[in-house]
Amino acid sequence: MPNAIPLDATGTTVTVAHSHDASRRRPALFCGVIGLLTAVLLAAPLAQARPGVPEHAIAMHGEPALPAGFDRLRYANPDAPKGGRLTQGILGTFDSINPFVVKGLALSQVRGYVVESLLARGYDEPFTLYGLLAKTVETDADRTYVKFELDPAARFSDGKPVTAADVVFSWELLRDKGRPNYRTYYAKVAKAEALSERVVRFDLTGADDRELPLILGLMPVLPKHAVDPDKFEDTTFEPIVGSGPYTIGAVDPGRSITFKRDPNYWGRNLAINRGFWNFDEIRFEFYRDSNSHFEGFTKGLYDLRVESDPSRWETAYNVPAVRDGRIVKEAFPTGMPKQFEGLVFNTRRPLFADIRVREALGLLFDFEWLNHNFFFDKYRRSASYFEGSELSARGRPADDKERALLKPFPGAVRDDVMEGRWQPPVTDGTGRDRATLKRALELLHAAGYDLDRTVLRNRANKQPFTFEIMVTTKDQERLALAYSRDLQRAGITVRIRVVDAVQYDRRRLTYDYDMIQYRWDQSLSPGNEQAFYWGTAAADAEGTRNYMGVKSPAVDAMIAALLSARERDQFVAAVRALDRILISGFLVVPLYHLPDQWVARWSTVAHPADTSLFGYLPETWWRAAPERRQ
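Just so you know, we're using the numbering used here here: the sequence shown kicks off at 550 and counts up by one.
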């Protein structure tokens, strides 16, 4: 499923720290998540879906946890006070407010606050959608079609009703002119038609994709009367008309944007929205560098910060506002796969085409030394693309279902990965581990490279082994410098190219780099987005997240298998098999993850006592007291 992720908290007018890639809803901060996850996955369904009958919700696997007529979501406070401003801080910039096209650096936040979809996620379940613009959803046992009936009350912010014609228009527009993920998803639809003013039907014949009805349920719905298709792909600062709880207010290009609550928002009384959208204003402030971004938070310029740097978490928050309780630091476990972060090999470059080279460079990364000297031993080493969940292949031998899926692709998975024995290398932590260096040099020698005194050279042409790591933040630069020190021991020279956020994003989207650092969000129900991450078709299409350039029939087959799986055990087997192939490819140098979510917030904002499976969800926060700044 696409990664629409929620947030959760405790307060009123808020300021949040995000990376520029953050989009849609964020994970809610979650305590006691293991018990909840067990309950969600193992509990008997409340109602059985009836093929061909309109229902209030749809689940990817199993049945929706909430019955028709539910009155609220557990992780939202229906009595939360309304009012105030939530200010959020983002590292980066923007030159467009249209997040639905590739052109420009757009504001992804428009997607949740201004533009709605037919259905909305329930964040206590891996992937279940409940009615939003659509009050019912209908499909058959094979999911060869999906039909939505719109809520007659649904309105755009200009007062015009949301119609089936708007839904068909949005599908056609995004299929033909939207971002690559939209084009890929929506091109699978055989036919879309408005059966009446409020009923739309999508024919999915031949798609063989059980997730597609849910993907269409999450499709942004745009007003046909307010969108010019000929100008849709242009960068713009013109306000977008949507049906969401907020409208676009003031825009200061590249610096800030303010969303204002729509007093006539049609969906304010829906059960799915009770306790959500509590602020009168949502403001995003953009920062060009990480230092000013952090200082902005400690000075009270924004209200919430998600922290990922252990050294900063341990030392930099020693400020008066923390000591006197005006800033609160919290750590929350989640039930989600950990974010997978790595130094990405661009395998489109000949230097990284040989898997032995990639494995050797992974061996040279000294995590133990780095974690101890830079990060207070707070990180855990990542090894799986679905780390920390039942979907991970790490430490698990492949079962019969996985082996059957992988049988047509001999050699796609290493024996030690298939048997669950493979783990990332462990050094002695001295920064001078000779055993891993020896193993790496042996692999490089087999790949055609020899150490000539202090320089690693290609045996055939005597060219030195050198490449560039592109970075844009001080944290990325620090990591790159540490890694370059490791590589230097093997005679490898690394150039570190520091570029601004705009250039970084443009080069990243066009795959113009040797190596970059990147983090992928994963969910408990990975689906079509996996093709966007690792699929062959995405490798040469600009704007995807296949940054390493994966082109593998085995990967494509596992993605197809997880999309077609009907039962949870079939689905888990397909995801684990995919994980094994990616691990075996040594496509990245795996980095690390935090065991918990670290969040710092000003005490003037508050969050519900209960949080969702996904973690923190700012849509449910509120202002607890008037804004107080240093």
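Where a beta carbon is used, it is the ideal one built from N, C-alpha and C, also for glycine.
Quick one: what does DSSP say residue 1167 is sitting in, helix, strand or coil? DSSP, reduced to helix, strand and coil, places residue 1167 within a helical segment of the structure shown.
For the beta strand (DSSP E) containing residue 1007, name the first residue and the last one. Residues 1004-1007.
Those residues which DSSP pairs with residue 801 across a bridge: BP columns for residue 801 point to 805.
Within 10 angstroms of the Cβ of residue 936, are there 16 or more other Cβ atoms? Answer buried if so, exposed if not. Classification for residue 936: buried.
If distances are taken between C-alpha atoms only, which option among 613, 660, 760 and 895 comes closest to residue 1062? Measuring from the Cα of residue 1062, the nearest candidate turns out to be 895.
Is residue 888 closer than 9 Å to residue 1070 when the C-beta atoms are compared? A distance below 9 Å separates the beta carbons of residue 1070 and residue 888.
Rounded to a whole number of angstroms, what is the C-alpha to C-alpha distance between residue 882 and residue 1029? Answer to the nearest angstrom: the Cα atoms are 29 Å apart.
For the beta strand (DSSP E) holding residue 782, just list the boundary residues, first then last. That residue, residue 782, is in no beta strand (DSSP E); it is neither H nor E in DSSP.
So what does DSSP say about residue 773, is it helix, strand or coil? Note: residue 773 maps to helix in three-state DSSP.
Quick check: the segment 674-689 against the segment 604-622, are at least 3 beta-carbon pairs closer than 8 Å? Touching, per the Cβ criterion.
For residue 1090, which residues of its own chain have a beta-carbon under 8 Å away from its beta-carbon, when the five flanking residues on both sides are left out? So the list reads 729, once near-sequence residues are dropped.
Go ahead and pull the three-state DSSP assignment for residue 609. Note: residue 609 maps to coil in three-state DSSP.
Within 9 Å, strictly: CB atoms of residue 873 and residue 985: For the 9 Å CB-CB criterion, residue 873 and residue 985 do not form a contact.
Can you tell me where the alpha helix (DSSP H) holding residue 1054 begins and where it ends? Residue 1054 -> alpha helix (DSSP H) spans 1050-1058.
Assign residue 697 to buried or exposed, taking buried as 16 or more other Cβ atoms, counted over all protein chains shown, within 10 Å of its Cβ. By the neighbour-count rule (16 or more Cβ atoms within 10 Å), residue 697 is buried.
Endpoints, the beta strand (DSSP E) within which residue 1001 is located: For residue 1001, the enclosing beta strand (DSSP E) has its first and last residue at 998-1001.
Kindly list the residues whose CB is nearer than 6 Å to the CB of residue 688, restricted to its own chain and excluding five residues on each side of it in sequence; keep chain order. Sequence-distant partners of residue 688 (beyond 5 residues in either direction) whose C-beta falls short of 6 Å from its own C-beta, in its chain, are 695 and 762.
Do the segment 756-774 and the segment 627-644 make contact, defined as three or more Cβ pairs closer than 8 Å? Flag = no, the segment 756-774 and the segment 627-644 do not touch.
Residues in its own chain within less than 6 Å of residue 816 by CB, not counting five upstream and five downstream? Sequence-distant partners of residue 816 (beyond 5 residues in either direction) whose C-beta falls short of 6 Å from its own C-beta, in its chain, are 822.
Tell me where the alpha helix (DSSP H) around residue 844 begins and ends. Here the alpha helix (DSSP H) through residue 844 covers 839-847.
Looking only at its own chain, which residues have a Cβ that is under 6 Å from the Cβ of residue 1019, when we skip the five neighbours before and after it? Beyond the five residues adjoining it in sequence on each side, residue 1019 comes within less than 6 Å, by CB distance, of 1046, 1062 and 1065 in the same chain, given in chain order.
Entirely within the segment 813-899 and at least 4 residues each: give me those alpha helix (DSSP H) ranges in chain order. Whole alpha helix (DSSP H) segments, 4+ residues: 839-847 and 869-872.
How big is the Cα-Cα spacing for residue 1161 and residue 1084? Distance between the alpha carbons of residue 1161 and residue 1084 is about 30 Å.
Using only alpha-carbon positions, find the residue among 930, 635, 703 and 1170 that is nearest to residue 664. Taking only the C-alpha atoms, the option nearest residue 664 is 703.
Inter-residue spacing [alpha-carbon to alpha-carbon] between residue 669 and residue 716: When rounded, the distance between both Cα atoms is 15 Å.
I need the boundaries of the alpha helix (DSSP H) containing residue 983, first residue and last residue. Its alpha helix (DSSP H) spans residues 983-995.
Spatial distance of residue 651 from residue 981 (CA atoms): Pairing residue 651 with residue 981, the inter-Cα distance amounts to about 44 Å.
Backbone CA spacing between residue 681 and residue 1152 [nearest angstrom]: So the alpha carbons of these two residues sit roughly 32 Å apart.
State the DSSP-derived secondary structure class of residue 1023, mapped to helix, strand or coil. Residue state, collapsed to three classes: helix.
Under the rule that 16 or more other beta-carbon atoms within 10 Å means buried, what is residue 528, buried or exposed? Any answer about residue 528 is impossible in this case: the structure gives the chain only from 550 up to 1179.
In the structure shown, what three-state DSSP assignment does residue 918 receive? If DSSP states are grouped into helix, strand and coil, residue 918 belongs with the helices.
Residues in the same chain with beta-carbon distance under 7 Å from residue 714, minus the five sequence neighbours each way, listed in chain order, please. 743 and 773.
Identify every residue that forms a DSSP beta bridge with residue 1045. 1018, per the DSSP bridge assignment.
Going by the CB atoms, is the gap between residue 988 and residue 999 shorter than 9 Å? Contact check for residue 999 against residue 988 fails: the beta carbons are separated by 9 Å or more.
With three or more C-beta pairs closer than 8 Å as the rule, is the segment 633-653 touching the segment 843-857? These segments touch.
Look at the Cβ atom of residue 1120, then the Cβ atom of residue 610, and state whether they are nearer than 9 Å. Cβ atoms of residue 1120 and residue 610: closer than 9 Å.
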